[in-house]
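Take -4 as the starting number for the sequence shown in our numbering and just add one per residue. Virtual Cβ for every residue (Gly too), placed ideally from N, Cα, C.
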Amino acid sequence: MHGLVSLSIWQIALVTFILTHITIISVTIYLHRCQAHRSVTLHPIISHFFRFWLWLTTGIITKSWTAIHRKHHAKCETKEDPHSPQVLGLSTVLWRGAELYKAEAKNIQTLNRYGQGTPNDWLERHIYTPHSDKGYLIMLAIDLTLFGVSGLTMWALQMMTIPFLAAGVVNGVGHYYGYRNFDCLDASTNLFPIGIFIGGEELHNNHHTYPTSAQFSVKKWEFDIGWQYIKLLAMLKLAKVKRQIPKIVLDKNKHRIDIDTLKAIFNNRYSLLRTFQKKVERPFKHFSQNCLEYQQIRNMKRQLQQLWTISSKTNSELLEYLHDWCQRAEALKIKQLADFVAYLRSYTLV
Ligand SMILES: [Zn+2]
Ligand SMILES: [Zn+2]
């Protein structure tokens, strides 16, 4: 009845939390940040531990998860997105997220197109992929042996964690309710500024804005526990961070538009646009829509946005466009707009 380890109810709750937390961390660090986005590389021992643990507790195949997730980013909020609540409805994604995942995992085209670069070694080919449904039976045997009858409840909670929290809550609510730091093109939201319970995946709007960054927190008051673990692993030489959100600085001695300005703008376009809205657009919001200055500002904002929608141009052409935009903005003789141009000239990348 009690298994090899006799625990009080609180100890059972704590052990269950730790076990499910390890599963969540395996998903966010190994599947999401390492495999799907290549923002961090892991030491083979660490990466194999995550793979093994995911086999025991989720039955997820690395290639399937990676492919479906990459497709989600590529086709976000369209009919081809495997799990968009904007297209399928929130309750479908929240409650049937795991079914949507299973259906898409059968799509060979998705796996071939988006699943490249995932593990294909002997263990993957002979154990993890063909026997993906056996690992959680071993976990059940371990839970029952160690914790007796309570082990059954602990196992059930372990099995429900990812289908509900990742496939349902992050994929569903994370594209529906919450706050947005960035006005990116999809409907992604940050569920909560403190990302512990879902390993930092709560900060989904930040992630969709900077998908290749290993760190999901952006603001000072945001916390991403997955990033803390990555930093710890990196300190122990067990992980290497490949990409982070680029750092933009304002250089008071810089008064020109150059290739650094252009790079900084492209890397930071969403927050730049927010600055434009706050510093230039907002002071005119109380004026009527017919106010000439307000219309001119709106027009300049549209033209600034065009800078990153025209991707076929060369750097020198984009630079010329930006120079021209600054000159036209200054010629309008609107103080807020002129201040924004001065701000832009001091903008640079670390
Ligand atoms: Zn998403
Ligand atoms: Zn992602």
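DSSP-derived helix/strand/coil call for residue i
i    : result
Y205 : coil
T343 : strand
Y172 : coil
L327 : coil
T53  : coil
I189 : strand
L26  : helix
L2   : coil
L180 : coil
Close Cβ partners of residue i (< 8 Å) along its chain, the five nearest in sequence each way excluded
i    : result
D178 : Y265, L268, R269
I133 : L51
L233 : L37, H38, I40, I41
Y171 : P80, Q81, L85, A182, T184
R340 : K249, H250, R251, I252, T256, C321
Residue i, enclosing beta strand (DSSP E) - first and last residue
i   : result
L37 : 35 to 37
Residues near residue i by beta carbon distance below 7 Å, same chain, minus five either side
i    : result
P158 : G92, A93
G130 : W50, L51, G54
H67  : D76, P77, H78
F261 : W303
Q30  : T57, T61, T113
V165 : I193, E196, H199
Segment limits, alpha helix (DSSP H) that includes residue i
i    : result
E288 : 287 to 300
F142 : 130 to 142
T156 : 145 to 156
6 Å Cβ shell around residue i - same chain, five flanking residues per side excluded
i    : result
L14  : Q153
A162 : G92, A93, Y96
F192 : none
Listed by chain order, which residues have C-beta atoms less than 6 Å from any heavy atom of ligand 2?
-> H27, A31, H32, H64, H68, H202, P206
Where in the region 208 to 282 do unbroken runs of the alpha helix (DSSP H), each at least 4 residues long, occur, reported from the N-terminal end onward?
-> 220 to 230, 254 to 262, 264 to 271
Whole alpha helix (DSSP H) runs in the region 80 to 116 with 4 or more residues, listed along the chain?
-> 80 to 83, 85 to 100, 103 to 109
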